[in-house]
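Residue numbers (the numbering used here), protein chains in the order written: chain A, 737 to 908; chain B, 737 to 908; chain C, 737 to 908; chain D, 737 to 908.
Where is the CB? At the ideal position from N, CA and C, for every residue including glycine.
Since the model is a prediction, treat every value here as computed from it, not as a measurement.
One structure below.
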């Protein structure tokens with residue numbers, strides 16, 4: 737950590753935070769009103785979360801369920817989505833994944849869809865619990881997963897503070 | 737057809753309440769954990785709501801947006817879903833549509849997925865607003881839609897009271 | 737209908753043929769051109785086929801893969817779809833399932849989407865092979881499945897002949 | 737970079753050919769057999785084609801239908817898909833778009849899903865026709881679209897010849 741500026745990606749083996757999953761709103765995901773069919777926004781958010789597990793945490797839903805010696809499933813128990821601004825075909829969004837709460841047997845994520853103009857199109861808050869996939873019974877969040885979640889949350893906080901400082905310095 | 741008793745369907749031009757949309761959980765709607773991929777539960781709920789507009793209210797989303805002289809769109813501004821019990825392929829559910837709140841420019845619906853064993857698999861609460869589809873600006877809930885919503889809510893209440901009386905009479 | 741003649745449903749423990757899966761085209765299945773997003777027509781056809789296995793053959797994809805002592809999977813190896821007439825939201829269709837060919841290790845199905853005006857909206861031809869799901873290797877079509885497929889195909893032929901006779905008798 | 741050789745991207749204002757749309761197979765796109773639910777492969781292929789129009793041709797389905805002065809729709813009239821090798825969650829594929837035939841009022845595309853090991857997972861062949869979206873009647877492929885299609889097909893051919901030469905030179 738010595739020396740001058742280090743980005744989160746240099747300070748840790750993990751890629752930069754926050755994780756931004758890029759998506760272009762598809763023609764086939766929009767309805768005859770030419771806006772996204774809203775349930776599909778929630779599909780997008782879960783696609784981003786699937787990618788976060790795979791590309792950031794390094795262990796996907798598939799790996800967690802089927803390839804780990806101590807398998808762990810993370811079924812959703814609650815999802816909410818607030819739609820702030822409409823999305824049309826071809827709109828480019830970043831789905832920004834955040835960790836809101838790390839419980840004993842549950843995790844709360846946020847997935848914000850940010851448009852190119854900086855406005856939030858929709859925000860998903862989602863709670864999953866951790867289960868033994870064979871018996872579908874609750875188990876504590878595994879230590880390795882908790883470590884990754886905490887590291888990610890800390891990286892996001894650092895990035896947010898750095899962004900704030902940078903905005904101030906520029907007189908923003 | 738003589739006598740005093742009338743079922744809700746006889747007392748009104750509308751079909752019986754509550755509206756139950758039947759669905760069998762598809763193989764393709766389940767993920768490798770062999771349970772429903774949870775975002776698709778929200779797709780199911782919206783399919784049921786689309787059917788409610790069409791089959792109960794008598795005016796579908798398509799009709800409201802494109803065929804009415806005074807067109808009205810009902811885009812979702814908020815959706816939440818709580819998952820109580822898992823759903824597997826071939827599970828038969830009734831999606832029971834309820835009207836929770838009729839606002840000035842918004843409507844709150846509930847869609848409960850009831851399994852054959854009477855347990856609730858998931859419950860969706862969803863708020864839509866009423867808009868002029870051409871300008872995507874809020875407009876008051878049209879009078880004809882409000883009348884239908886109130887009639888439906890009243891029919892559901894009557895049906896609930898009748899079900900309660902019937903349960904009591906049977907010493908339940 | 738007097739005398740000895742029996743309808744296919746009386747002559748066998750199976751429900752009447754052909755199997756017709758009813759579907760209403762959803763608002764969310766249509767794109768901004770207000771016609772069905774064509775890949776979803778193929779999703780509809782597979783939903784109908786899933787229902788055919790479950791409701792006609794009596795053994796669903798889920799059951800075949802996970803509940804049978806001698807498990808059998810039927811992954812698709814080829815799908816084609818010809819679109820003849822457009823489908824709009826609220827259009828009611830029957831997806832009529834047919835068995836075109838019963839091979840040694842493969843089955844060819846047809847799924848015709850028939851509109852209420854009798855016109856075919858789209859026709860899907862699909863070939864699946866039969867595999868041992870654990871090793872994902874080809875196995876012969878199991879005897880019980882072959883019997884059901886042949887019985888269904890025969891029932892469809894009988895129904896077609898009866899329909900033809902009935903049309904003739906009416907001077908059609 | 738000296739000399740006469742130019743890559744397709746230097747010789748034209750268009751990006752390099754062939755267009756490769758990258759996709760990771762999602763957990764939610766796979767069924768309980770832990771392979772892609774095959775109709776969703778066709779959804780993937782159409783997502784790639786939507787991206788090709790937008791990112792290569794420079795005029796998306798949405799733009800073509802709603803923003804052009806001379807609007808043009810390209811509804812599919814035929815789709816086929818051959819599944820060669822299974823896809824599991826997390827598998828990375830390139831969807832490679834090809835132009836097979838440019839007719840008077842129709843276009844035939846191919847979308848090949850190439851796995852990281854170079855094997856083809858599935859191949860989609862799809863025919864669309866060109867229509868006036870307001871009247872849903874056939875019109876000739878517009879000149880600007882034909883020019884783009886021909887340019888793309890030529891770029892793909894050049895790239896294929898260059899790849900062949902490069903393989904030969906390396907004694908491949």
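Can you tell me where the beta strand (DSSP E) holding residue i begins and where it ends?
| i | result |
| --- | --- |
| residue 834 of chain D | 828 to 838 |
| residue 815 of chain D | 812 to 819 |
| residue 756 of chain B | 756 to 760 |
Kindly indicate the opening and closing residues of the alpha helix (DSSP H) around residue i.
| i | result |
| --- | --- |
| residue 872 of chain A | Careful: residue 872 of chain A lies outside any alpha helix (DSSP H) and carries neither H nor E. |
| residue 778 of chain D | 774 to 787 |
| residue 797 of chain B | 797 to 802 |
Assuming residue i and residue j make a contact with CB atoms under 8 angstroms, what is their CB distance in whole Å?
| i | j | result |
| --- | --- | --- |
| residue 829 of chain C | residue 851 of chain C | 6 angstroms |
| residue 831 of chain D | residue 781 of chain D | 6 angstroms |
| residue 814 of chain C | residue 818 of chain D | 5 angstroms |
| residue 876 of chain B | residue 840 of chain B | 6 angstroms |
| residue 768 of chain C | residue 770 of chain A | 4 angstroms |
| residue 761 of chain A | residue 848 of chain A | Actually they are not in contact, since the Cβ atoms of residue 761 of chain A and residue 848 of chain A sit about 15 angstroms apart, beyond 8 angstroms. |
| residue 816 of chain A | residue 816 of chain B | 4 angstroms |
| residue 775 of chain C | residue 775 of chain D | 7 angstroms |
Contact criterion: CB-CB distance below 8 angstroms. Does residue i meet it with respect to chain C?
| i | result |
| --- | --- |
| residue 826 of chain A | no |
| residue 854 of chain D | no |
| residue 868 of chain B | no |
| residue 771 of chain B | no |
| residue 845 of chain D | no |
| residue 822 of chain D | yes |
| residue 790 of chain B | yes |
| residue 727 of chain B | Any property of residue 727 of chain B remains undetermined from this structure, which presents chain B solely from 737 to 908. |
Could you tell me whether any Cβ in chain B is nearer than 8 angstroms to the Cβ of residue i?
| i | result |
| --- | --- |
| residue 764 of chain D | yes |
| residue 799 of chain A | no |
| residue 878 of chain A | no |
| residue 871 of chain C | no |
| residue 787 of chain C | yes |
Measuring only between beta-carbons, confirm whether residue i sits less than 8 angstroms from chain D.
| i | result |
| --- | --- |
| residue 819 of chain C | yes |
| residue 796 of chain A | yes |
| residue 775 of chain B | yes |
| residue 983 of chain A | Lying outside 737 to 908, the shown extent of chain A, residue 983 of chain A is not represented and no answer is given. |
| residue 760 of chain A | yes |
| residue 874 of chain C | no |
| residue 752 of chain C | no |
Between residue i and the ligand GTP, is the CB less than 7 angstroms from at least one heavy atom?
| i | result |
| --- | --- |
| residue 753 of chain A | Among the components modelled here there is no ligand, and therefore nothing to report on the ligand GTP. |
Spatial neighbours of residue i within its chain, please: C-beta separation below 8 angstroms, excluding the five flanking residues on both sides.
| i | result |
| --- | --- |
| residue 698 of chain C | With chain C covering 737 to 908 only, the question about residue 698 of chain C has no answer from this structure. |
| residue 807 of chain A | 800, 801, 868, 869, 870 |
| residue 892 of chain C | 753, 754, 834, 835 |
| residue 878 of chain C | 806, 808, 866 |
| residue 804 of chain C | 795 |
| residue 895 of chain A | 744, 752, 753, 754 |
Taking 8 angstroms as the threshold (beta carbon to beta carbon), is residue i in contact with chain A?
| i | result |
| --- | --- |
| residue 768 of chain C | yes |
| residue 781 of chain D | no |
| residue 839 of chain B | no |
| residue 884 of chain B | no |
Using C-beta distances below 6 angstroms, list every residue in its chain close to residue i, excluding the 5 sequence neighbours before and after it, in chain order.
| i | result |
| --- | --- |
| residue 757 of chain A | 784, 787, 831 |
| residue 846 of chain C | 834, 836, 861 |
| residue 825 of chain A | 761, 763, 766 |
Excluding the 5 residues preceding and the 5 following residue i in the sequence, name in chain order all residues of the same chain whose CB lies nearer than 7 angstroms to its CB.
| i | result |
| --- | --- |
| residue 886 of chain C | 838 |
| residue 884 of chain D | 793 |
| residue 882 of chain D | 838 |
Chain E partners of residue i, CB-CB under 9 angstroms?
| i | result |
| --- | --- |
| residue 778 of chain C | Among the protein chains in the structure shown, which are A, B, C and D, there is no chain E. |
Which residue spans inside the region 847 to 908 of chain D form an unbroken alpha helix (DSSP H) run of at least 4?
-> 879 to 905
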